[in-house]
């Protein structure tokens, strides 16, 4: 029926020249096909177009838009090309048909023997029969996405036609003999080769149908299946050092999801150092990253489905370590072939088959396989490693050792041992603890979850004696990575691990056991997280290089011998919140100088025990901030010093002179002649320094300051009197020093702001307000307020860094949860308040935990969305 209607329309159109009104503009004749309704503002007249003369126009032209009929003073939209409109016009070389043309008539360009290209753009829906028949030089045709029907014999005898681009997702309907007598090697480029082959396959060989490729932005894409795209190689290669592949790409008005990386897409891109591949990649084809010799790190993100990875996809890169993702069940042929630095490979439990030489020509030293059952090996999987005793293969349990040795693995490797051993703590809570680990190259990586007896358990802690020196396997432990969700470290866990130089304690750690790091003589610094509430006796005793320690504010008790014989530097600061310092907690040694010169004890301190600071013979002063003298249970400081240096003493600073008497009168404790302490009023010293700073270089102000400093030293007997003298002196100096003092406050704000990112705007605001004040007190209050805001900003940045890193550490290398962690680390980085940071961290922790299957932090009601994909950095 459609064909009959079209024939009728064509006959009607051919007769329009006899009956319809026409007008000429230049070389073109326009036939009015519709006059606009004079009573309608929206009805537009239309015309069809043809050629008036054959020798007045040569070259290529565009048919689109509208034509002006001068006699009627009207514009008409061009909606069609006349039947025979440009027939046998030999000098036309190219034509583009654009909006609002919808119809190309019968034999419109018939035997235009000079025509080399034709583009049907935007709105064309129908191409009439024989429209381009006999165009013997026509080489390239582009059909826009709106084309729906191509009538019979349209391209018949187009003997040079090599390329047709079809942008319609649904193949246009073909009548008979559309491609009659065209070359058989013609290429039909489409967004969906399968659909076109099915629809047009009766007229063209299957080999003709090919996917469309195009460069969009920084990448070249191949489009397929109607709505998908894959990144492919482009001429000259990719020269960027860092690449981020987008999730979607828009081309020809259509949006495609990027789901693949084509064969050899980035091959030989030697300048490429990092590449990020999206939450939706389904396929990485053969040789995709071959010879990318500067790509050094490979990380796979978690996903529910597997990526189809081709052979030799990561050949000849600079990988040193590879963690195979949990979703990969089979390792393809030659996947990491000839990576000259690849020494360590981690295989997840789900890997069940290893293809031909995926690690060929790699200097393997360690294979860590999480599977209780050995993955099947194809013939030649580890060719070149026959009975190799240099490669160590770690497996999960002692039972697995036997299984691997009795399988094909035993043909290749003789050194098969178990690396990590766990103990189930609670089946109900799904928690386990690490009880033993064998270092790999001095390193141990502890995952957040482990599969035991067919179930997954959260690794909640490190058991007692897990790395105790009594096990010779622990002698080489140099560093260990712990999941941020781990909550405790057991007694003697790292006892005398003398080569342990680096450990980052988990952010959610709550308890450190007795002698946990006893004798770790290579450990030089450690930060104890804020959540730690309990530290066991002798936890860091004899860490003879430990010069830096950060203690949490919530800690109430520093136990006996906790930091005994640790050289903690010239200044020891015990944080606020600590109530008790145990026996010999910070004792030095008589043989070697481990002296602290300055010691600060918190206002919360209630009890100081025997020998807590023995053998700090160079101790010059102690600042004790407690207004009630802490109880001394035995000699806390100077037994050795007192015997050796009887004429010397330690100066003890107390908060103010009002509590001085309490310390001095405590004859059995602080007031004892044994210590020969001298008490000086910290408040008075601070106030005198304030007056001298306020005076600056003004001579009159300096005289006032000196006079009142003398009064504070010689006349003030109470804290209130010290403050009264200070206030009086400051008021007397105001008229001499206020402008200069305000400027100094502003300069100091600048100095403070320079140390904190984006803090200068805060400083500038408060500087202006300070300079506008008329009273010193108001200026000082503004200065303090500005400093507090800058400090809060710094704390916010520090908090963002800490919690963002914690999420990334939680996800690192296990089941590929990096994408989710990175998303929330980015959200945390954009947080405006500390409360928002905490909220995002808790939310991110749940979502990362979901990706890691840590049920403790996730429930179905959270509605976590698990990201997938592949990341390389």
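Residue numbers (my numbering): 540 to 1412. Note that the Cβ used here is the ideal one computed from N, Cα and C, for glycine as well. No experiment lies behind these values; they were computed from the predicted model shown.
Counting C-beta pairs closer than 8 Å gives three or more between the stretch 1100 to 1118 and the stretch 1072 to 1088, which meets the contact rule. The Cβ atoms of residue 1117 and residue 1141 lie closer than 9 Å to each other.
The DSSP assignment places complete beta strand (DSSP E) segments of no fewer than 3 residues inside the stretch 708 to 763 at 726 to 729, 748 to 750, 752 to 755, 758 to 763, in order along the chain.
In the DSSP assignment, residue 903 falls outside any alpha helix (DSSP H), carrying neither H nor E. In this structure, residue 1148 lies away from residue 1111, with their beta-carbon atoms at least 9 Å apart. Under the three-state reduction of DSSP, residue 1096 is assigned to strand. With a 10 Å radius around the Cβ and a threshold of 16 neighbouring Cβ atoms, residue 563 comes out exposed. Only residues of its own chain outside the window of five on either side were considered, and among them 1026, 1027, 1070, 1071, 1072, 1073 have a CB closer than 8 Å to the CB of residue 1049, listed in chain order. Remark: fewer than three beta-carbon pairs, one from each stretch, lie closer than 8 Å, so the stretch 1357 to 1367 and the stretch 1320 to 1327 are not flagged as touching. Contact check for residue 849 against residue 802 passes: the beta carbons are separated by less than 9 Å.
In terms of Cβ geometry, residue 693 and residue 670 form a close pair [threshold 9 Å].
Residue 710 is positioned such that its CB atom lies closer than 9 Å to that of residue 729.
Remark: C-beta atoms of residue 987 and residue 974 do not approach each other more closely than 9 Å. Residue 783 has its alpha-carbon roughly 15 Å from the corresponding atom of residue 810. Exclusion of the five residues before and after residue 777 leaves 805, 808, 811 as the residues of its chain whose Cβ lies within less than 7 Å of its Cβ. Taking the Cα positions, residue 619 is about 30 Å away from residue 753. Exposed is the label assigned to residue 601, since fewer than 16 other Cβ atoms lie within 10 Å of its Cβ. Boundaries of the alpha helix (DSSP H) harbouring residue 1330: 1315 to 1350, taken from the DSSP string. A distance of 9 Å or more separates the beta carbons of residue 896 and residue 915. Here residue 607 is exposed. Its C-beta has fewer than 16 other C-beta atoms within 10 Å. Taking residue 621 as reference, the option from 599, 662, 610, 667 with the minimal CA-CA separation is 667. Secondary structure of residue 1286 (DSSP, three-state): helix.
Looking only at 686, 630, 626, 651, the smallest Cα-Cα distance to residue 638 is reached by 686.
Scanning its chain for C-beta atoms nearer than 6 Å, with the 5 sequence neighbours on each side dropped, one finds around residue 1018 the residues 982, 1041, in chain order.
Closest in C-alpha terms to residue 909, from the list 925, 985, 1321, comes 985. In this structure, residue 1376 places its C-beta atom within 9 Å of the C-beta atom of residue 1367. Spatial neighbours of residue 1079 in its own chain (CB-CB distance under 7 Å, excluding positions within 5 residues in sequence) are listed in chain order as 1056, 1085, 1101, 1102, 1105. Boundaries of the beta strand (DSSP E) around residue 1001: 994 to 1001. Excluding the 5 residues flanking it on each side, residue 644 has same chain C-beta neighbours closer than 8 Å at 549, 552, 587, 619, 620, 621, 622, 623, 624, 667, 670, in chain order. Taking residue 1113 as the centre and dropping the five residues before and after it, the same chain places the C-beta of 1140, 1141 closer than 6 Å to its C-beta, in chain order.
Collapsing the DSSP output to three states places residue 1082 in coil. By the neighbour-count criterion, in which a residue is buried when 16 or more other Cβ atoms sit within 10 angstroms of its Cβ, residue 722 is exposed. Here residue 808 carries a coil assignment [DSSP, helix/strand/coil]. For residue 657, no alpha helix (DSSP H) encloses it; the enclosing beta strand (DSSP E) starts and ends at 656 to 659. Scanning its chain for C-beta atoms nearer than 6 Å, with the 5 sequence neighbours on each side dropped, one finds around residue 1383 the residues 1346, 1363, in chain order.
In this structure, residue 1296 and residue 1336 form a Cβ contact; the two beta carbons are roughly 6 Å apart against a cut-off of 8 Å.
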